[in-house]
Ligand SMILES: Cc1ncc(C[n+]2csc(CCOP(=O)(O)OP(=O)(O)O)c2C)c(N)n1
Ligand SMILES: [Mg+2]
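Protein chains in written order, with the working numbering: chain A, 1 to 170; chain B, 1 to 585.
Have a look at this one:
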């Protein structure tokens with residue numbers, strides 16, 4: 001049995017009808033009941049069916065995580081709720097655009113490190129880069145950490161998207 | 001030939017008729033005029049004009065709760081919609097099926113801060129089960145039918161359909177309800193058989209069992225009450241219920257322990273505390289019921305049957321959770337119980353009943369009688385005594401009188417008790433009585449009221465007069481917001497900050513001013529005769545029952561205490577509340 005007081009981090013995928021207000025419903029549920037949102041992403045995934053997939057990363061005790069799933073599941077436009085942290089080992093990815101400005105040694109160092117992280121340069125001026133980096137959230141955290149002393153000025157992150165490993169759909 | 005096209009307003013009316021609606025409660029305004037015009041030109045649906053939109057929603061709740069059918073409300077945009085919000089929240093908390101139609105400004109004006117525009121779907125999102133803004137008449141039929149489906153299936157609740165004025169004029173094809181299937185919403189009604197078997201096995205081992213039932217039984221319908229009665233008889237176990245569940249099991253039965261919770265009986269709460277197997281059917285471990293969570297029935301295994309999966313393990317961890325409708329699950333449970341030929345531990349059960357009888361002997365609902373002054377409990381007892389042989393429906397406001405009604409008016413049947421449990425809305429009872437009387441024209445409908453609460457929606461007496469609804473507003477007038485005064489006495493050193501009902505109207509004259517009948521009783525000796533007089537009047541009555549101003553409602557589990565730490569009426573002197581308890585509501 002899991003420790004009831006331990007705080008866990010879960011990635012939950014929610015398949016919803018892409019109707020007006022559905023995102024407000026999901027967000028309102030979290031704020032109204034005092035649950036945490038660490039990251040939330042949403043986009044239509046099936047145009048013909050008008051379904052969107054919301055990926056939400058949340059933290060809480062096992063009882064709270066169960067509550068969050070049950071509460072999501074009872075929203076009327078929700079097709080399905082899957083806890084990717086429990087059901088399978090899921091793959092998680094996030095993309096970030098990271099702007100670093102500076103010159104000389106620091107600029108060279110930033111470029112060298114970006115290579116190690118397989119970050120791409122998607123914009124450049126004489127004294128700045130915009131890197132695009134994709135990976136698990138902690139990889140992005142690490143990259144941002146390394147850029148900080150090298151002239152980090154701006155960060156934009158997509159939030160986590162996740163999918164289960166193996167052949168099955170959610 | 002193409003099907004005939006109807007205007008949005010006509011679609012609304014046709015869909016209501018096809019959904020079996022014969023009565024709606026509403027209030028007109030600019031943004032719903034086309035629907036009102038369509039109403040004018042038909043005679044299948046009766047419209048009850050209220051005096052405030054909150055009243056419309058509570059009336060629809062009373063209608064719904066007393067019939068098992070969804071209640072329907074029609075209000076205008078802006079202030080019409082915002083006035084409905086309290087009622088919608090009330091219905092959400094108590095799982096009452098309602099369909100509320102709101103007018104909205106025309107689609108091209110939405111977002112412009114137009115006259116009487118408000119973000120109705122935004123405002124009502126957290127206080128409805130679901131809501132829709134209808135963008136075109138083409139969507140309207142589907143939304144109308146889906147709304148009834150969502151409101152009444154699974155855990156029932158209120159829904160809002162926001163209809164812009166231009167959509168009410170637009171023409172579109174009408175589709176019947178049989179052709180509308182909801183895309184996503186499929187609540188589970190049958191319980192998992194393995195879980196039900198596990199529950200039966202657990203129940204079979206019980207030495208100190210208890211049934212703890214709630215509003216879910218009422219919502220499930222009369223069959224659930226019938227099956228509950230059968231199962232309780234089969235087992236011989238004691239049964240208690242929440243405020244919302246009263247009437248599901250007959251109060252005159254010897255297995256009935258009375259209501260549990262903050263103002264529940266000593267025997268119900270002690271039995272809950274000491275039980276070893278708890279069978280929760282359709283109740284939600286509300287804080288009024290559990291008291292201190294970490295001291296809640298500490299030595300028990302718990303079974304929880306609920307149609308709403310999110311109710312299970314929300315507050316109290318249970319050993320067996322069964323998601324399903326109460327009637328379906330009870331039916332399976334009884335079948336499995338019989339098939340397994342379960343043998344219960346009769347000796348243990350006899351000992352358990354002996355223990356319970358000890359608690360019963362404490363007579364926790366007793367109070368000091370008086371010949372001089374009407375005790376509120378006595379008034380409720382007399383009211384019960386003099387009306388129990390009739391088809392009587394009780395609604396209440398919120399406060400001490402509500403608890404005294406729950407304690408001293410004994411319910412034998414489901415759907416005869418309408419009260420605001422979850423939200424605790426003062427002003428619920430009078431309009432709810434209007435709705436009940438509309439549904440049951442020949443019944444005796446009584447709102448057991450407080451003088452403070454009743455003033456919140458008093459204007460609905462005018463509705464009762466207009467529609468000749470002989471509702472009885474029985475005010476336990478203690479000249480105080482009694483429940484507030486009681487808490488101030490208990491928690492705040494008797495500093496009665498703003499809880500005195502100052503400048504009260506003369507309720508008898510007020511009744512007369514409205515064209516109703518006013519009756520006042522001030523002495524215990526005249527009470528019976530006056531109550532009889534009230535019953536005999538075939539018109540709305542306001543009964544001003546002048547009662548003891550300082551009576552408190554006992555027994556009571558003070559906030560932050562456990563079930564076995566009740567304050568009883570005869571030793572309430574000097575009772576206090578812990579510091580942690582003061583933080584709680
Ligand atoms: C709309 C609303 N406002 C405030 C409260 C808080 N409240 C609960 S009981 C109560 C006093 C009710 O007084 P009364 O109707 O006279 O009933 P009594 O307790 O005296 O029987 C108040 C103010 C409430 N429940 N509802
Ligand atoms: Mg009062």
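For every residue, glycine included, the Cβ atom is placed at its ideal position computed from N, Cα and C.
First and last residue of the uninterrupted beta strand (DSSP E) at residue 158 of chain B: 158-164
Tell me whether residue 478 of chain B, by its Cβ, gets closer than 7 Å to a heavy atom of ligand 1. yes
Rounded to a whole number of angstroms, what is the C-alpha to C-alpha distance between residue 363 of chain B and residue 209 of chain B? 22 Å
Helix, strand or coil for residue 94 of chain A per DSSP? strand
If you follow the alpha helix (DSSP H) that residue 148 of chain B is in, where does it begin and where does it stop? 137-152
Answer yes or no: do residue 62 of chain B and residue 547 of chain B have a C-beta to C-beta separation smaller than 8 Å? no
Interfacial residues, the stretch 67-90 of chain A to chain B, with Cβ spacing under 7 Å: 67, 70, 71, 73, 74, 76, 77, 78 and 79
Buried or exposed (CB count within 10 angstroms, at least 16 for buried), residue 10 of chain A: buried
Is there at least one non-hydrogen atom of ligand 1 closer than 7 Å to the beta-carbon of residue 484 of chain B? yes
Would you report the Cα separation of residue 165 of chain B and residue 79 of chain B, rounded to the nearest angstrom? 15 Å
Are any of the Cβ atoms in chain B nearer than 8 Å to that of residue 1 of chain A? Low confidence applies to residue 1 of chain A: its pLDDT is 42, below 50, so where it sits in the model is not reliable enough to give any reading.
Tell me whether the stretch 167-183 of chain B and the stretch 112-120 of chain B touch, counting them as touching only if at least three CB pairs, one residue from each stretch, are closer than 8 Å. no
Under the three-state DSSP convention, the category residue 209 of chain B falls into: strand
Among the candidates B:584, B:102, B:279 and B:430, whose CA atom is the shortest distance from the CA of residue 232 of chain B? B:279
Run the CB neighbour count on residue 571 of chain B, radius 10 Å, all protein chains shown included, and call it buried at 16 or more, exposed below. exposed
Residue of B:517, B:307 and B:400 minimising C-alpha distance to residue 420 of chain B: B:400
To the nearest whole angstrom, what separates the beta carbons of residue 408 of chain B and residue 365 of chain B, a pair I think is in contact under 8 Å? 7 Å
Is residue 235 of chain B close to chain A, meaning its C-beta is less than 8 Å from at least one C-beta of that chain? no
Would residue 21 of chain A count as contacting chain B if we go by Cβ distances under 8 Å? yes
DSSP three-state assignment for residue 8 of chain B, whether helix, strand or coil: helix
Which residue marks the beginning of the alpha helix (DSSP H) containing residue 463 of chain B, and which one marks its end? 460-466
If you measure from the beta carbon of residue 145 of chain A to each beta carbon in chain B, is any gap under 8 Å? no
Which residues of chain B have a Cβ atom closer than 8 Å to the Cβ of residue 24 of chain A, listed in chain order? 122 and 125
C-alpha gap between residue 581 of chain B and residue 430 of chain B, whole angstroms: 32 Å
Determine the burial state of residue 122 of chain A: buried for a count of at least 16 other Cβ atoms within 10 Å of its Cβ, exposed for fewer. exposed
Which same chain residues, not among the five before or five after residue 13 of chain B, have their C-beta less than 7 Å away from its C-beta? 38, 39, 42 and 45
Is any beta-carbon of chain B found at less than 8 Å from that of residue 63 of chain A? yes
Does the beta carbon of residue 300 of chain B come closer than 8 Å to any beta carbon on chain A? no
Kindly indicate if chain A contains any beta-carbon less than 8 Å away from that of residue 188 of chain B. no
Just to confirm before moving on: does the CB-CB distance between residue 259 of chain B and residue 215 of chain B stay below 8 Å? no
Is residue 73 of chain A closer than 8 Å to residue 81 of chain A when the C-beta atoms are compared? yes
Going by other Cβ atoms of all chains shown within 10 Å of its Cβ, with 16 needed for buried, is residue 514 of chain B buried or exposed? buried
Grab the span of the beta strand (DSSP E) containing residue 103 of chain B for me, first residue to last. 98-104
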